[in-house]
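J.:
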Amino acid sequence: MCRIFGITFKNRVFIASGVFGFGLKYKKVSNRVGAIFTKGITLEPRKGNAPPRVFETAGGLINWVGLENPGVEKFCKDILPKMKKLRTKIFVNVAGSEVIHYERIVERIGGQVDGFELNISCPNVKKGGVAFGQDPKIAASVVARARTKTKLPLIVKLTPNFCDPLRIAKACIGAGADGISLINTLYGMVYDIKKKKPLITGGLSGPAIKPFALYCVNRLRGLDVPIIGMGGIMTGQDAYEFLLAGASAVAIGSAILRDPYAPLEIIKELKKYPPPPSSPFKGED
Ligand SMILES: Cc1cc2nc3c(=O)[nH]c(=O)nc-3n(C[C@H](O)[C@H](O)[C@H](O)COP(=O)(O)O)c2cc1C
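Numbering (our numbering), first residue to last: 51 to 335.
1) What's the call for tyrosine 241, buried or exposed, on a 16-neighbour Cβ count within 10 Å?
2) Measuring CB to CB, does isoleucine 250 end up less than 8 Å from tryptophan 114?
3) Name the one or two DSSP bridge partners that proline 248 has.
4) How many angstroms separate the CA atom of isoleucine 54 from the CA atom of asparagine 61?
5) What is the rounded straight-line gap between the Cα of phenylalanine 59 and the Cα of lysine 245?
6) So lysine 77 is in the beta strand (DSSP E); what residue range does that whole segment cover?
7) Cysteine 52 by DSSP, collapsed to three states: which one?
8) Should glycine 229 be labelled buried (16 or more other beta-carbon atoms within 10 Å of its own) or exposed?
9) Three or more beta-carbon pairs under 8 Å between the region 207-223 and the region 147-159, yes or no?
10) Per DSSP, which one or two residues make a beta bridge with glycine 279?
11) Tell me the rounded alpha-carbon separation between isoleucine 277 and lysine 247.
12) In whole angstroms, what is the alpha-carbon distance linking alanine 225 and glutamate 315?
13) Answer yes or no: do proline 186 and glycine 179 have a C-beta to C-beta separation smaller than 8 Å?
14) Under 7 Å from any heavy atom of ligand 1, does the C-beta of isoleucine 259 make it?
15) Answer yes or no: do valine 156 and isoleucine 223 have a C-beta to C-beta separation smaller than 8 Å?
16) Closer than 7 Å by C-beta to lysine 89: which residues in its own chain qualify, once you throw out the five before and the five after it? Chain order, please.
17) With a threshold of 7 Å on Cβ separation, who are the neighbours of arginine 158 within its own chain once the five nearest residues in sequence on each side are excluded?
18) When you compare each of Val300, Pro261 and Tyr290 to glycine 110 by their alpha carbons, which one comes out closest?
19) Could you check which residue in Lys176, Lys139 and Asn169 has the C-alpha nearest to that of glutamine 162?
20) Can you give me the Cβ contacts of alanine 219 inside the same chain, cut-off strictly under 7 Å, excluding the 5 residues immediately before and after it?
21) In the structure shown, what three-state DSSP assignment does arginine 96 receive?
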């Protein structure tokens, strides 16, 4: 057990946004992780991008799912009541193409969940997403406005795509963020050599990005808020490295696409390691 943001979690292994839907299919897994971060929720439903949406590459995958989701209304009416029966903490990943969308989604969901993860780092949408997370002023305004709508923990999910996540993190914390999660996927491209044009431009994830993700988490260590580290975590040792680098918890992403039970193995393996020398972390009780 651990306490972060004033919340008691079963363990420090969470499920990253977008790889497990709403955690309703593999309930045995959902009920044993510390928290689930939902698929990104937007104000209106989104169909997402045309296939192919996922492409395997050396050491990882590139996706351009494009934030397919039912929209906040359907999420609240049909999905959230089922999610609330899970024995884990629920964080809603909030996405928007306008700054105002974030606060409206947070306001609509209200106190029904354990917290929010503001996704200002999605590389697969035409408007908003990563563009908000590359600019400290816009990032801060997304946080400040969402802050006025909730007292629940507000985590901001950052990108290191063509920007310094430390600079953006400081702006978000200044605007009232309770925590930072990183990294979202990195820009990536797959080329179709027959057609001589890109087949997919999307987000790279998986083991290929782990060293960079670890570097980014370590770069943010020492900030005054808890960090949720992710990017290419496949094993308990990977997770432990992120905790050593300064993360208070880790989130499992692409590993789940290969094996939905991967988080359970990671939880088991992590128990073999002693607590990181720096724990308890800042922002923890
Ligand atoms: C298919 C897919 C869909 C994703 N959807 C979201 C999303 O909706 N919101 C979000 O913030 N991150 C999303 N992500 C990013 C992951 O949550 C995670 O930050 C990233 O994949 C890095 O972790 P990993 O290398 O362990 O996968 C998605 C990733 C994948 C592979």
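Beta carbons are placed, not taken as given, at the ideal position from N, Cα and C, and that holds for glycine.
T.: So, to answer that:
1) exposed
2) yes
3) Tyr241
4) 10 Å
5) 50 Å
6) Run containing lysine 77: none in the beta strand (DSSP E); it sits in the alpha helix (DSSP H), 77-80.
7) strand
8) buried
9) no
10) Leu232 and Val300
11) 38 Å
12) 37 Å
13) no
14) yes
15) no
16) Ser67, Gly68, Gly71, Phe72, Asn119 and Asn143
17) Val122 and Cys126
18) Pro261
19) Lys139
20) Leu208, Ile230, Leu270 and Leu273
21) strand
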